[in-house]
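Below is one structure; the comments refer to it alone.
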Amino acid sequence: MHGGTPVFWTILSCRKFTASGTSRVPSTLDRRYTLNRCHADVWYVPNLIAFLTAALVVLWTTPAVRAVGLRQGWVDLPNERKIHTRPMVRPGGISIFAGVTCALLLVWTLGLFGFLPQDREYEIWGVTIGAVCFFLLGLADDFFNLPALPRLLIQIAIACGAWKVGVDIETLSLPYFGVVKLGWLSLPITVLWLVGVVNAINFIDGLDGLAAGVCGIAAVVTLIVTLFTGQFAAALISAAVAGSALGFLRYNFNPAQIFMGDGGAYFLGFMLGGLSVIGVVKLTVAIVIPFCILAVPIFDTTSVIVQRLRTGVSPFKPDKRHLHHRLLKAGLSHRFAVLVIYALTLWAGTIALALSGMPAGGTYAVGATLLLAYTGWEAWKRVQDRRPR
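Just so you know, we're using the numbering used here here: the sequence shown kicks off at 12 and counts up by one.
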């Protein structure tokens, strides 16, 4: 499964393996031993390549996807629930998918998977293959508007397949209980997490740039956490996802030129959920960190589903109860409502950085708290200014 010859690894680090200073090509044991010693010197290379490749591919392919979508009529029409007022090309997730997959394939072709332990490389492919399956399901929903129940059952089946190939939550670190082995509970908990995150990302995709920005911020935070804690396979995927999501914002931020659709939301959702499983969940405070990183979509989706069930409405029936709808109803502009949710997502992400044990994590959290307070103050002033006097 290792791709090509690890050329970059040899160039960057083969002289670090001998005390005498004699150059030699490092062995597998050398590479694994040195990985944690000099990851700060080496690991930025594949992550930077993945980030830039994903962003550039998205920037290059999105206009083409939009042009084809307009020509073929792949558009999302306005209605009373949706915010947009003109037909918008829907399957923009094609370019997001292309960005991530091209980035990972390029890193693999360059041989930069060669210094990962084999089980970690399998994790990359396990998450990627699961995300591809979710992308195809979402794309089918974009084109054919699949019924909710069959769509949910297919999501569960894909998540079960991902669990089978190793994208699984085997243990949880719980306060006062330590590390708890899940045993047979591993399957339902993993499936609940993966399917839940996928739908949470899909549910918040209601304003221009909202889902892409939230996913981009979450991916950057995950990248930092996984690099700091030595989860390098998860870090590589995080870099590709961050580049793809942030690159897509060029065409998706208000006023949007294209939507990511269910295909893009499902793909990013599974990538982020899978990253939590193979990377963040391995930490001592694992049960807290992924919830912090994805706090906004998780709590927004949970609250909306609870409200729908209380009123006897199907949890999959669209409405205007989401946080972004409430911010718009309060009087905020489209753009500022999105920026408020960005600030909230960033704040929750810095809490995750602090909990991961990063030396500067607390400083980042304080800075993000001040930013959130300022954003909240500005939002309150704008709401007051719009009220009749």
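We treat Cβ as the ideally placed atom computed from N, Cα and C, and that holds for glycine.
Residue j and residue i - do their beta-carbons sit closer together than 7 Å?
i, j, result
"L218", "V138", "no"
"S249", "T233", "yes"
"S197", "I212", "no"
"I135", "A244", "yes"
"V69", "S106", "yes"
"L382", "G372", "no"
"H345", "N265", "yes"
"A109", "A251", "no"
"A379", "A306", "no"
"V209", "G280", "yes"
"I167", "V143", "no"
"A354", "T386", "yes"
"Y55", "F145", "no"
"G258", "L205", "no"
"L163", "I298", "no"
"P165", "L148", "The residue asked about is misnamed: residue 165 is Ile in this sequence, not Pro. The answer is yes: Cβ separation under 7 Å."
"M369", "F270", "no"
"V351", "R332", "no"
When you compare only the Cα positions, how much space is there between residue i and residue j?
i, j, result
"L247", "N58", "5 Å"
"P98", "P89", "6 Å"
"P150", "Y375", "It is worth fixing the name first, because residue 150 is Leu in this sequence and not Pro. Rounded to the nearest angstrom, the two C-alpha atoms are 37 Å apart."
"T322", "A61", "45 Å"
"S417", "R398", "The requested residue 417 is not part of the displayed model; the chain covers only 12 to 400."
"L334", "T120", "42 Å"
"D273", "I304", "21 Å"
"V394", "R337", "12 Å"
"Q83", "F347", "33 Å"
"T237", "G290", "6 Å"
"G172", "G241", "26 Å"
"Q268", "V100", "8 Å"
"L117", "L67", "13 Å"
"F214", "D87", "16 Å"
"A222", "G207", "15 Å"
"G224", "A253", "9 Å"
"G104", "F310", "24 Å"
"V178", "K192", "16 Å"
"T73", "G227", "17 Å"
"V324", "L160", "14 Å"
"P199", "E389", "43 Å"
"R43", "L366", "Note that R43 scores a pLDDT of 38, beneath 50, so its modelled location is shaky and nothing firm can be said."
"V317", "L127", "42 Å"
"T112", "Y133", "15 Å"
"F327", "M282", "22 Å"
"D396", "L339", "14 Å"
"R261", "A75", "14 Å"
"I169", "R131", "20 Å"
"L63", "P329", "36 Å"
"N384", "L123", "A small correction: the amino acid at residue 384 is Ala; Asn does not occupy that position in the sequence shown. Spanning the two alpha carbons is a distance of roughly 42 Å."
"D153", "L81", "14 Å"
Would you mind sorting residue i into buried or exposed? The rule is 16 or more other CB atoms within 10 Å of its CB.
i, result
"R77", "buried"
"L185", "exposed"
"L320", "exposed"
"W195", "exposed"
"P308", "buried"
"P102", "buried"
"Y187", "exposed"
"F155", "exposed"
"P158", "exposed"
"G141", "buried"
"P301", "buried"
"W391", "exposed"
"V190", "exposed"
"V377", "exposed"
Within 6 Å: the Cβ of residue i and any heavy atom of the ligand MN?
i, result
"D153", "Looking for the ligand MN in the displayed structure turns up nothing, as the structure carries no ligands at all."
Scan the stretch 164 to 245 and note each continuous alpha helix (DSSP H) run of 4 residues or more that stays entirely inside, going in chain order.
-> Correct list: 197 to 214 and 221 to 239.
What runs of the alpha helix (DSSP H), each 4 residues or longer, lie entirely inside the stretch 93 to 146?
-> Within the stretch 93 to 146, the complete alpha helix (DSSP H) runs of at least 4 residues are 104 to 120.
Please go through the stretch 304 to 339 and give each complete alpha helix (DSSP H) segment of 4 or more residues, from N-terminal end onward.
-> Listed in chain order, the alpha helix (DSSP H) elements of length 4 or more contained wholly in the stretch 304 to 339 are 306 to 321.
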